[in-house]
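Mapping to our numbering: the sequence shown position 309 is 314, numbers consecutive. These notes concern the structure reproduced below.
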Amino acid sequence: MTNTTPLPTRSLGTTGPRVSALGLGCMGMSALYGESDRAESIATLHAALDAGVTLLDTGDFYGMGHNELLINEALRTAPAAAREQALTSVKFGALRTVEGGFTGYDGRPAAVKNFAAYSLQRLGTDHIDIYRIARVDPDVPIEETVGAIAELVEAGHVRHIGLSEVGADTLRRAAAVAPIADLQIEYSLISRGIEEKILPAARELGIGITAYGVLSRGLISGHFTRDRALGAGDFRGMSPRFQGDNLRRNLDLVDRLREVAEAKGVTVAQTAIAWVLAQGPRHGADIVPLVGARRRDRLAEALGAVDVTLDAADLAAIEEAVPAGAAAGARYPEAQMAHLDSEH
């Protein structure tokens, strides 16, 4: 099933921009999933823009700036109309080593403005549409980090403030400083931790959700096989959900989801994305899934999810196939989980 209708749009919270109902997460085109194909990445970005995708999500640390330069190239070579509709969502703050390691996060006001200056240069633009620290810096109050972004908004360098992987209390503290457009956080059929406190808080505050990991890094895409060997540089090789018995148990869930998908005549990936899309309309369409397609065929499949309508019986069948809390393994290795304000 491929997308046959124009992409609908959703507002990112009460103060954010209106964006396509699906956004494109661009990380995999530069980092963490092994080798990528530059020409195919550009073609995929162009295909997304042509299909009406307006939200492009990146991070200044994805390939140490490579991803921002890639988006710059794609936008420069896209038709003017598509380029003018595109919105950039940028994460900053991660500290890297030459070898590619992560050593922490820097949310000091001076660092915020420094990161922004470099991103603006790499993106080749005079403003960033949504700007957010990737993980809360434990040594800097969130009020100071958000305040620095607010100063960038006042100066015209940033249009909207976002957050990433923060808990409900931090969300409230940040929103008391300046309007927050959206919270970017992992949310999928097998990552539903936000439903208890974080999602209600975001809705109370009028903050949208951009949901990443909607296919759990390919785990629930329907394309990941039990015998698949992960290449060098693919961080899923260290992910608990892709290890040993955890992988077997998680793919058993995918097999059950596949039965639901096949009964509807759609793919597993489309069903998983459509489920996330369906969590928004009851509350004013406040959730925008980010799909991490690196190729045009995967993008076309993902866009087809917009045409999938899940009724009450479908949602019940999905819930039975993949109950909340059914995933085996944490969503990140222990060291990375420690950086998640959302998990504390």
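All residues carry an ideal CB built from backbone N, CA and C; glycine is no exception. Predicted, not measured: the structure shown is a model, and the values here were computed from it.
By the beta-carbon neighbour count (other beta carbons within 10 angstroms, threshold 16), Thr230 is exposed. By a beta-carbon distance limit of 8 Å, Gln275 contacts Val313. Their separation comes to about 5 Å. Within the segment 137-197, the complete beta strand (DSSP E) segments at least 3 residues long are 163-169 and 187-191, listed from N- to C-terminus. Val58 counts as buried, since no fewer than 16 other beta carbons sit within 10 angstroms of its beta carbon.
Rounded to whole angstroms, the separation of the alpha carbons of Arg299 and Leu320 is 28 Å. The beta carbons of Pro245 and Gly334 sit about 3 Å from each other, so the pair counts as a contact at 8 Å. Here Asp187 is near Gly18, since their CB atoms are less than 8 Å apart. CA-to-CA, the gap between Leu220 and Gly21 works out to about 25 Å. Sequence-distant partners of Val273 (beyond 5 residues in either direction) whose C-beta falls short of 6 Å from its own C-beta, in its chain, are Gly227, Leu262, Arg263 and Ala266. Separation of Asp111 and Tyr136 (C-alpha to C-alpha, rounded to the nearest whole angstrom) is 14 Å. For the segment 213-273, the full-length alpha helix (DSSP H) segments reaching 4 residues or more read 249-269 along the chain. Taking C-alpha positions only, Leu128 is separated from Ala99 by approximately 18 Å. A check of alpha carbon separations from Arg113 across Thr215, Ala331 and Pro146 identifies Pro146 as the nearest. For Ser94, the three-state secondary structure derived from DSSP is strand.
The beta carbon of Met32 sits closer than 6 Å to the beta carbons of Tyr67 from its chain, once the five residues preceding and following it are set aside; these are given in chain order.
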